Amino acid sequence: MILRIPKNAERANIPLPPEDGFFISENIANHLDVPLHFHPEYELSFIENGKGLKRIVGDCLEETVTPSLALVGPNLTHGWEAHKCMREGIHEISLHFQNKLFGDQFLGLKVMLPIKWMLEQSTQGIAFSPTTAKQLSPKIKNLSKTAGIQYILELIFILHELAISRNKCLLSTPQQFKNPKVNRLALVNHYLKHHYSRKIKLAEISNFMNMSPGSFNRFIKKKTGKTFTEYTNYLRLGFAAKQLIEKETSIAEIAFSCGFNNIAHFNRVFKKYKHCTPSEYRKEFNSLKLVG
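One point on numbering: in my numbering, the residue at position 91 of the sequence shown is 159, and numbering is uninterrupted.
Written as structure tokens, this is what we have:
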């Protein structure tokens, strides 16, 4: 999967030995500021005593609670800013592992399917609840003290517990869609990707999917937790957010090009999902530091 990376992000080189397939780092600091970067490895990030930090994952910027725990997929831009965090002794643990560590056949086993599905979702970044982070913190903290086969077993256990945990959420909007032949939701995404700049009626998308409007609405609600209108706006915001980061086009022009015919409506929807205005969002990204 190839993602377009914001211009102010650079590739990070993780000191991950090919023969190991994973790397863990641990740090206790009084200040945490990690510039935007990306890498081909998965990253499981655990931070304790870091309330008020700002986490950036893809097009998502949010202030975190403590402890925070997130899984970032391959080549997804991410970083941290000190923001409002005034605490000392911030405990950070980052686990990186190769995207082929387990292999397709192993992940295809029934018992591994929850992990497989979670890794697929991590292309958007996944935030886990504080409750899950607290429950798994002893395991995560002890991981650097294990070795050999026990390390792999502990890693699989942690990933499985994360995969079946409740109240996790996706962080970033989709950056690129997969082959539309894979499943029906991917087909919906494929259609919306090519038509999001104009008004799309429920009857139109239902007919395209060869479903009744009622059946389609139930399908999209079950798969995404959103109505068709909410999901369409959610995806449109993903395209709008990318333009706000990558282009100097006016906010009004971006709103109209992404299918929002009313700038006030665009601002309301943007703030609902991004928790800030479009201008604040653009300013935040423009202020992020470069790696290096």
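Beta carbons: idealized from backbone N, C-alpha and C, even for Gly. Everything numeric in this text was worked out from a predicted model, so none of it was measured.
- Does the beta-carbon of T200 have 16 or more other beta-carbons within 10 angstroms, so that it is buried, or is it exposed? Buried, since its Cβ has 16 or more Cβ neighbours within 10 Å.
- Spatial neighbours of S283 in its chain, beta-carbon cut-off 6 Å, leaving aside the 5 residues before and after: By the criterion of a C-beta distance shorter than 6 Å, S283 is surrounded by no residue of its chain, once the five residues flanking it on both sides are discounted.
- Assuming S240 and L144 make a contact with CB atoms under 8 Å, what is their CB distance in whole Å? Contact flag correct, Cβ pair sits at about 7 Å.
- Item | Terminal residues of the beta strand (DSSP E) in which K122 lies | Counting along the chain, the beta strand (DSSP E) containing K122 begins and ends at 122-125.
- Message: Can you find the residues in the same chain that come closer than 8 Å, C-beta to C-beta, to A231, ignoring five residues on each side of it along the sequence?
- Response: So the qualifying residues of the chain are P182, I183, W185, M186.
- Query: If you draw a straight line from the alpha carbon of S197 to that of G118, how long is it in whole angstroms?
  - Reply: Distance between the alpha carbons of S197 and G118: 15 Å.
- Check each candidate in F276, Q173, L204, N167 and name the one with the smallest Cα separation from E188. Answer by Cα proximity: N167.
- Which one or two residues does DSSP pair with F196 in a beta bridge? Per DSSP, the beta bridge partners of F196 are L137.
- With DSSP as the reference, label L270 as helix, strand or coil. Three-state result, L270: helix.
- Message: Taking 9 Å as the threshold (C-beta atoms), are G171 and R266 in contact?
- Response: With respect to G171, R266 sits apart: the two C-beta atoms are not nearer than 9 Å.
- Could you check what DSSP says for E156 in three-state terms: helix, strand or coil? In this structure, DSSP gives E156 a state outside helix and strand, which the three-state scheme calls coil.
- So the alpha helix (DSSP H) H333 belongs to, where does it begin and stop? If you look at H333, you'll find it in the alpha helix (DSSP H) that goes 331-342.
- Message: Within 10 Å of its beta-carbon, does Q173 have 16 or more other beta-carbons around it, so buried, or fewer, so exposed?
- Response: Of the other Cβ atoms in all chains shown, fewer than 16 fall within 10 Å of the Cβ of Q173; this residue is therefore exposed.
- Taking the CB atoms as reference points, tell me whether L204 and I226 lie closer together than 9 Å. Yes; because the gap between Cβ atoms is below 9 Å, this pair is in contact.
- Query: How should L260 be labelled, buried or exposed, when 16 other C-beta atoms within 10 angstroms of its C-beta is the threshold for buried?
  - Reply: Buried, because 16 or more other Cβ atoms sit within 10 Å of the Cβ of L260.
- Neighbour-count burial assignment, I313, 16 or more Cβ in a 10 Å radius: The residue in question, I313, is buried, as its Cβ has 16 or more Cβ neighbours within 10 Å.
- At what residues does the beta strand (DSSP E) containing V102 begin and finish? Note, V102: beta strand (DSSP E), 102-106.
- Query: From V102 to E149, what distance separates their C-alpha atoms?
  - Reply: Cα atoms of V102 and E149: separation of roughly 6 Å, rounded to the nearest angstrom.
- How should K213 be labelled, buried or exposed, when 16 other C-beta atoms within 10 angstroms of its C-beta is the threshold for buried? By the C-beta density criterion, K213 is exposed, having fewer than 16 other C-beta atoms within 10 angstroms.
- Item | DSSP state of Y259 mapped onto helix, strand, coil | Y259 falls in the helix class under three-state DSSP.
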